[in-house]
Amino acid sequence: PLQSSQVSFQGSCLLQAIYMSIITLSTVGFGAFTPVTESGMIFGAFMMLFGSAALVNVVGAFTELMMQSHAYELREEHTQEALQKLKENTWGGDEGKDQVSDIEFLRFALISQNLLKDREVENIMKAFQSLRPVNGKIPLAVLEAAVKHDKDHQESAESLAGK
């Protein structure tokens, strides 16, 4: 068995070599209190590995908590910005209105949840307006034709790029 006063690596058994590797890798180090029996080395090695795994778990959980906290703060910031734009009526709603339409609410939700940027929502609204809605609606056939046109345009652009 390994004695605390005898640290000679020549002629050491495999168990002693594994134990020394574990205390080095776990950064425990060879201290003043060391096991002298094989069962003590096995128990010590297990505790070092378990302790290292537990520390990694704690650090991982803390990191995840910090990331969730940061995401919550960002979402709160986006919500406040979207609410302010809604209050300032910068989205083209009815002037002086203290109510929110379904479209305004949808826009607010998409932006506050950081699913879309305000510019992206604006582009979607412009695309809808380009389809010339009547009373806020377009025929489904118009939408189908627009989708087909975009698909055909994309395919022709891809074929030109492939030549």
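If you use our numbering, the sequence shown corresponds to residues 1 to 163, in order.
Each residue gets a CB set at the ideal place from its N, CA and C atoms; glycine is no exception.
Bridge partner(s) assigned by DSSP for residue i
| i | result |
| --- | --- |
| residue 87 | BP columns for residue 87 are empty, so no partner. |
| residue 137 | 134 |
Distance between beta carbons of residue j and residue i, contact taken as under 8 Å
| i | j | result |
| --- | --- | --- |
| residue 52 | residue 26 | 5 Å |
Same chain, Cβ closer than 6 Å to residue i, neighbours up to 5 away in sequence not counted
| i | result |
| --- | --- |
| residue 108 | 82, 86 |
| residue 118 | 111 |
| residue 79 | 112 |
Best match in the options for proximity to residue i [C-alpha to C-alpha]
| i | options | result |
| --- | --- | --- |
| residue 121 | 106, 130, 131 | 106 |
| residue 103 | 130, 78, 137, 132 | 137 |
| residue 45 | 61, 28, 59, 142 | 28 |
Beta-carbon proximity check, residue i vs residue j, cutoff 8 Å
| i | j | result |
| --- | --- | --- |
| residue 75 | residue 114 | yes |
| residue 142 | residue 131 | yes |
| residue 47 | residue 23 | no |
Other residues of its chain near residue i: CB distance less than 8 Å, five sequence neighbours each side excluded
| i | result |
| --- | --- |
| residue 41 | 2, 15, 16, 19, 35 |
| residue 60 | none |
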